[in-house]
Amino acid sequence: MKLAHELALPTESAGSRLLTSPDHEIHWLRKLYEKAIAGLCEVHLSKNGWKILPGRMLNWKISAQTSAISSIFPSMKTDIFMENQKKARRIIIDTKFNELLSRGWHRDETIRNSYVYQMYSYLRSQEDFVEDSLARTTAGVLLHPTVSKEFNEAVSIQDHDIWFATVNLAGSAQSIRDRILEIVNQASCPLLSNNPVIRSSE
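Read in this note's numbering, the sequence shown has 185 at position 81, and its numbers run on one by one without any break.
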C-alpha cells in the first residue's frame, strides 16, 4: 500500500528507501509505474463513485472468422479501466514508461503515432456493444512520466476525448498525487462542453 499512498516510485537519485535493484529492467519499471497509478486511483477515487479495474480485457466485436485465427489474433488489455455510473463517464488510462514525444518525419516533435492508434482502437472498438451506454463517449488518457516539463493536451475524435499528459516523477509524492488526480478529473468531463477555450475544427 505504500506504493499507492506515498507514490514511492524508484529513481536513480539518493533517497531514504532502498529498493532491490531492477537492473534497469524496463518491464519491471513499467509495471511498477502502472500499478502505482492504478493503486492511487483506487485509494483516492473509489470513495467518489469510481470503479477501478486494472488490466481489464476488452472484446473485439468479431462478425466472422476463420478456423485458426483465434489462436493468433491479438487481444486488447487495458492498463487501467475506470468508470463512474453517477457521472456517466468511463476512462481508459494507458501508462507508458517513455517519452510522450518523439521526432517526426516532417516536424521536430510529434506524439508517437502507434500509441494514438492503440488508444483509438480501445475506444472505437467498443461502440457497437449496444448494451453498454458509456461506450460511445469513453475518454482515453495516455499518461507518460517526465522529469522536466509537464505536458497536458487533448483532442476529441468522434465523441471520444483523448488526453496526452505527463506526470513529473522528480516531484514530491504530494505533487505526483495531485497531478494524477488532476488529469483524471479533467478527463472525467467532456472536452468540448466544459472548456470554453476549445472549439471543434469543423
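C-beta: ideal position from N, C-alpha, C; glycine also. Predicted model, so just to flag it, every value in this text is computed and none were measured.
| Query | Result |
| --- | --- |
| Name the residue from LEU133, ILE215, ILE196 and GLU231 whose alpha carbon lies nearest to the alpha carbon of PHE255. | ILE215 |
| Spatial neighbours of GLU213 within its chain, please: CB distance less than 8 Å, with the 5 preceding and 5 following residues excluded, ordered by chain position. | LEU205, SER206 and ARG207 |
| For LYS181, which residues in the same chain have their Cβ closer than 7 Å to its Cβ, ignoring the five residues on either side in sequence? | GLY159 and MET161 |
| Per DSSP, which residues does LYS155 bridge with? Please list them. | GLU187 |
| On the CB-based measure, 16 or more other CB atoms within 10 Å of its CB, does PHE268 come out buried or exposed? | buried |
| What are the start and end residues of the alpha helix (DSSP H) that includes ASN217? | 217-228 |
| Quick one, are the C-beta atoms of ILE266 and ILE141 less than 8 Å apart? | no |
| Taking the C-alpha atoms as reference points, what is the distance between PHE165 and GLN230? | The question names Phe, but residue 165 in the sequence shown is Lys. Answer to the nearest angstrom: the Cα atoms are 7 Å apart. |
| Can you tell me whether DSSP reads GLY275 as helix, strand or coil? | coil |
| What are the start and end residues of the beta strand (DSSP E) that includes LEU247? | 243-250 |
| Out of SER260, ARG240 and VAL271, which one is the CA nearest neighbour of VAL288? | VAL271 |
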